[in-house]
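K.L.:
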Amino acid sequence: MTSNPEQPLLLHQVQLLEAEGSELRRCDVLIQAGRLRAIGAEAAQQAEACGASLLEAKEWLLAPPLVDPHSELEDPATGSAETLASLERSALAAGYGTVALLPRATSWRDRPERLQGLVPLGRLQLLLWGSFSRGAGGAELAAHADQLAAGAIGLAEADQLPPLALLERGFTLAECGRAPLLLAPRDPSLSQGGFVREGVEALRAGWPTDPCISETLPLQSLLAMAQRHPARRLQLMNLSTAEGVALLRALPVEQRPEATVCWWHLLADSGSLDPIAEGWRVVPPLGTPNDRQALQQALADGVITAVAVHHQALDAEEQLLPLDQRKPGVAGHRCVLPGLWQELVVRRGWTAAQLWRVLCFAPARLLGLEPPCLSLGSDQWVLFDPHRPWIPADDHWGPLAANQPGAAGSLTGQVLASGLIPELQRWKASAA
Numbered sequence: 274m275t276s277n278p279e280q281p282l283l284l285h286q287v288q289l290l291e292a293e294g295s296e297l298r299r300c301d302v303l304i305q306a307g308r309l310r311a312i313g314a315e316a317a318q319q320a321e322a323c324g325a326s327l328l329e330a331k332e333w334l335l336a337p338p339l340v341d342p343h344s345e346l347e348d349p350a351t352g353s354a355e356t357l358a359s360l361e362r363s364a365l366a367a368g369y370g371t372v373a374l375l376p377r378a379t380s381w382r383d384r385p386e387r388l389q390g391l392v393p394l395g396r397l398q399l400l401l402w403g404s405f406s407r408g409a410g411g412a413e414l415a416a417h418a419d420q421l422a423a424g425a426i427g428l429a430e431a432d433q434l435p436p437l438a439l440l441e442r443g444f445t446l447a448e449c450g451r452a453p454l455l456l457a458p459r460d461p462s463l464s465q466g467g468f469v470r471e472g473v474e475a476l477r478a479g480w481p482t483d484p485c486i487s488e489t490l491p492l493q494s495l496l497a498m499a500q501r502h503p504a505r506r507l508q509l510m511n512l513s514t515a516e517g518v519a520l521l522r523a524l525p526v527e528q529r530p531e532a533t534v535c536w537w538h539l540l541a542d543s544g545s546l547d548p549i550a551e552g553w554r555v556v557p558p559l560g561t562p563n564d565r566q567a568l569q570q571a572l573a574d575g576v577i578t579a580v581a582v583h584h585q586a587l588d589a590e591e592q593l594l595p596l597d598q599r600k601p602g603v604a605g606h607r608c609v610l611p612g613l614w615q616e617l618v619v620r621r622g623w624t625a626a627q628l629w630r631v632l633c634f635a636p637a638r639l640l641g642l643e644p645p646c647l648s649l650g651s652d653q654w655v656l657f658d659p660h661r662p663w664i665p666a667d668d669h670w671g672p673l674a675a676n677q678p679g680a681a682g683s684l685t686g687q688v689l690a691s692g693l694i695p696e697l698q699r700w701k702a703s704a705a
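Numbering (my numbering), first residue to last: 274 to 705.
Quick look at the structure:
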């Protein structure tokens, strides 16, 4: 690729993943003005005719953009931790084409008028979840039908289960129809004030522990509610324990609700994370090594549907607070694909198609979207180099957030370019 985005580029023998259900194949691909112009033998012929630059791409992967089913953005206009502009820029540069935002905000997005006016500056597809209850207070239902009519993709709640009586009322009134209901199986009253799952590793480190029943008991309630109301489309947000996975596995496939897992729970656990590293303070809490293995296996088996970024940005001032006083969450889209490629593809033997299933195709279906695919004339593509080492601290495409796990070290694997952000040109260092 040249410094001019309009210059035609021939990716020679790139690894191509075109759509869900397809396998990797090597072929030439012609890109011009950020769009796919030709694939295969036709690409080589057109490249010669238009004088395209040739780039050896045998080790690279060309695939559809990723989809983030849920993240947070509290102050889109003037936030010190993150703004809509900074989130959009960093998500596109990380290979994402779609981000769905949960209703948590300075003004909780629980009314139709609060779902308006959030318009990306570039080509990111931004979707908004409506709110199940008013202000996530659990006291009264929000206007479900009005929010959906205003463009909400579904209804979500905070990081805990609303009262069962309110949940039953919302399911019975059924204003949501078949729109997804994204709910977290978590009861903070059972957490005992802990922020790491109970286990030998947490006890050795001296961390206050959160028992797994803070997830399994509300999960059992949600599963019972789903059986009572099979017409509702329940989705479980951020499953985090081996015990929770076991409850889902025990259900027949046709009765099993869709579920997401936060990417960080697939990479870190209380036995592998350094005591002073970023990433201990998350909700749901970081699990044990057994929890992490169970989540990975459930994702491979389809028991868990999709991987969410669940971006929760903190500013530098908040990040200085002690762990027990700090808001929970990890931030950053840019570490997700490199981290999961190394963990699941390199170490666990997944294929690229399997990884794209949980990062792209399945999240799209979870949001009610048609899964992305590569097609001629489209700018919906991402070029990824799985082998490229890079240092996040030197990358100016990152988010504003201060709580990015892994940002202080180095990573392997980076998005080189995307049709959705033509000015992104990381190919130079990789080609060198």
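The C-beta atom is built at its ideal place from N, Cα and C for all residues, glycine as well.
Can you check the region 422–474 for any alpha helix (DSSP H) of at least 4 residues that lies completely inside it and give the ranges in chain order?
P.N.:
Listed in chain order, the complete alpha helix (DSSP H) runs (minimum 4 residues) inside the region 422–474 are 437–446.
K.L.:
Can you name the start and end residues of the alpha helix (DSSP H) that Ser691 belongs to?
P.N.:
For the purposes of this step, residue 691 is identified with residue 418 of the sequence shown, where counting begins at 1. Segment 684–691 is the beta strand (DSSP E) holding Ser691; no alpha helix (DSSP H) there.
K.L.:
Taking its Cβ as the centre, do 16 or more other Cβ atoms sit within 10 Å of Glu696, making it buried, or is it exposed?
P.N.:
Here residue 696 corresponds to residue number 423 of the sequence shown, with the count starting at 1. Looking at its Cβ environment, which holds fewer than 16 other Cβ atoms inside 10 Å, Glu696 is exposed.
K.L.:
Give the DSSP-derived three-state secondary structure of Val631 in the structure shown.
P.N.:
Position 358 of the sequence shown, counted from the first residue, corresponds to residue 631. Val631: helix per DSSP, three-state reduction.
K.L.:
Counting pairs of beta carbons, one from the region 506–518 and one from the region 557–570, are three or more of them closer than 8 Å?
P.N.:
Counting Cβ pairs under 8 Å, three or more are found: they touch.
K.L.:
Under 7 Å Cβ to Cβ from Gln615, same chain only, skipping five residues before and after it: list those, please.
P.N.:
Position 342 of the sequence shown, counting from 1, holds the residue named residue 615. Contacts found: Thr685, Gly686.
K.L.:
Does the count of Cβ pairs from the region 572–582 and the region 532–545 closer than 8 Å reach three?
P.N.:
Yes, the region 572–582 touches the region 532–545.
K.L.:
In three-state terms, what does DSSP make of Pro337?
P.N.:
Here residue 337 refers to the residue found at position 64 of the sequence shown. It is coil, neither helix nor strand.
K.L.:
Check the C-beta distance from Leu454 over to Gln508 and give it rounded, since I have them as a contact under 8 Å.
P.N.:
Working through the sequence shown from its first residue, we reach residue 454 at position 181. Working through the sequence shown from its first residue, we reach residue 508 at position 235. Sure, about 6 Å apart at Cβ, within 8 Å.
K.L.:
Tell me the start and end of each unbroken alpha helix (DSSP H) in the region 357–389 that is at least 4 residues and wholly inside, in chain order.
P.N.:
Correct list: 357–366.
K.L.:
Buried or exposed: Glu386, going by 16 or more other Cβ atoms within 10 Å of its Cβ?
P.N.:
Walking along the sequence shown from the start, residue 386 turns up at place 113. The residue in question, Glu386, is exposed, as its Cβ has fewer than 16 Cβ neighbours within 10 Å.
K.L.:
For Leu647, which option in Ala336, Glu296, Gly324, Ser683 has the closest C-alpha, if you only look at C-alpha atoms?
P.N.:
For this step, residue 647 is matched to residue 374 along the sequence shown. Selected option, being the one with the closest Cα: Ala336.
K.L.:
Just confirm the distance between the C-beta atoms of Leu596 and Arg554, as a whole number of angstroms; I'd bet it's less than 8 Å.
P.N.:
Along the sequence shown, read from residue 1 onward, the residue named residue 596 stands at position 323. Along the sequence shown, read from residue 1 onward, the residue named residue 554 stands at position 281. Right, the Cβ-Cβ distance comes to about 5 Å (below 8 Å), so this counts as a contact.
K.L.:
Cβ atoms of Pro672 and Glu345: under 9 Å apart, would you say?
P.N.:
Counted from its first residue, the sequence shown places residue 345 at position 72. Counted from its first residue, the sequence shown places residue 672 at position 399. No.
K.L.:
Could you give the residue range of the alpha helix (DSSP H) that holds Leu492?
P.N.:
By one-based count along the sequence shown, residue 492 stands at place 219. 486–501 is the span of the alpha helix (DSSP H), which, as asked, contains Leu492.
K.L.:
Within 10 angstroms of its Cβ, does Met274 collect 16 or more other Cβ (buried), or is it exposed?
P.N.:
Counting from 1 along the sequence shown, the entry for residue 274 is found at position 1. Residue placement at Met274 is flagged as unreliable, the pLDDT there being 39, under the threshold of 50; the coordinate-derived value follows with that caveat. Buried is the call here.
K.L.:
Once the 5 residues before and after Pro636 are set aside, which same chain residues still bring their CB inside 6 Å of it?
P.N.:
As a first step, residue 636 must be located in the sequence shown, where it is residue number 363. Cβ within range, chain order: Val340, Pro342, Ala579.
K.L.:
Nearest CA to the CA of Leu394: which residue from Ser380, Leu360, Leu421?
P.N.:
Taking the sequence shown and counting its residues from 1, one reaches residue 394 at position 121. Of Ser380, Leu360, Leu421, the residue nearest in Cα terms is Leu360.
K.L.:
Verify whether the separation of the beta carbon atoms of Gly602 and Val556 is less than 9 Å.
P.N.:
By 1-based counting over the sequence shown, the position of residue 602 is 329. By 1-based counting over the sequence shown, the position of residue 556 is 283. Yes; because the gap between Cβ atoms is below 9 Å, this pair is in contact.
K.L.:
According to DSSP, simplified to helix, strand and coil, what is Trp553?
P.N.:
Locating residue 553 in the sequence shown gives position 280, where the first residue counts as 1. Coil.
K.L.:
Assuming contact is defined by CB atoms lying nearer than 9 Å, are Leu400 and Leu421 in contact in what I supplied?
P.N.:
Against the sequence shown, residue 400 aligns to sequence position 127. Against the sequence shown, residue 421 aligns to sequence position 148. Not in contact: Leu400 and Leu421 (Cβ atoms no closer than 9 Å).
K.L.:
Can you give me the C-alpha to C-alpha distance between Leu284 and Arg308, rounded to a whole angstrom?
P.N.:
Walking along the sequence shown from the start, residue 284 turns up at place 11. Walking along the sequence shown from the start, residue 308 turns up at place 35. Straight-line Cα distance between these residues: approximately 13 Å.
K.L.:
Can you grab the Cα-Cα spacing for the pair Ala416 / Asp383, in whole Å?
P.N.:
Translated into the one-based positions of the sequence shown, residue 416 becomes position 143. Translated into the one-based positions of the sequence shown, residue 383 becomes position 110. One C-alpha to the other measures close to 8 Å.
K.L.:
If we ignore side chains and look at the alpha-carbon of each, how far apart do Ala423 and Glu448 end up?
P.N.:
As a first step, residue 423 must be located in the sequence shown, where it is residue number 150. As a first step, residue 448 must be located in the sequence shown, where it is residue number 175. So the two alpha carbons sit approximately 14 Å from each other.
K.L.:
Please return the same chain residues whose Cβ sits closer than 7 Å to the Cβ of Ser464, not counting the five positions on each side in sequence.
P.N.:
Residue 464 sits at position 191 when you count from the first residue of the sequence shown. If we look at Ser464 and ignore the five residues flanking it on each side, its Cβ neighbours are Asp483, Ser487.
K.L.:
Tell whether a beta-carbon distance below 9 Å holds between Pro300 and Gln286.
P.N.:
Locating residue 300 in the sequence shown gives position 27, where the first residue counts as 1. Locating residue 286 in the sequence shown gives position 13, where the first residue counts as 1. This sequence places Cys at residue 300; Pro is not what is there. A contact, by the Cβ cut-off of 9 Å.
K.L.:
Give me the DSSP bridge partner(s) of Cys300.
P.N.:
Counted from its first residue, the sequence shown places residue 300 at position 27. Its beta-bridge partners are Val287.
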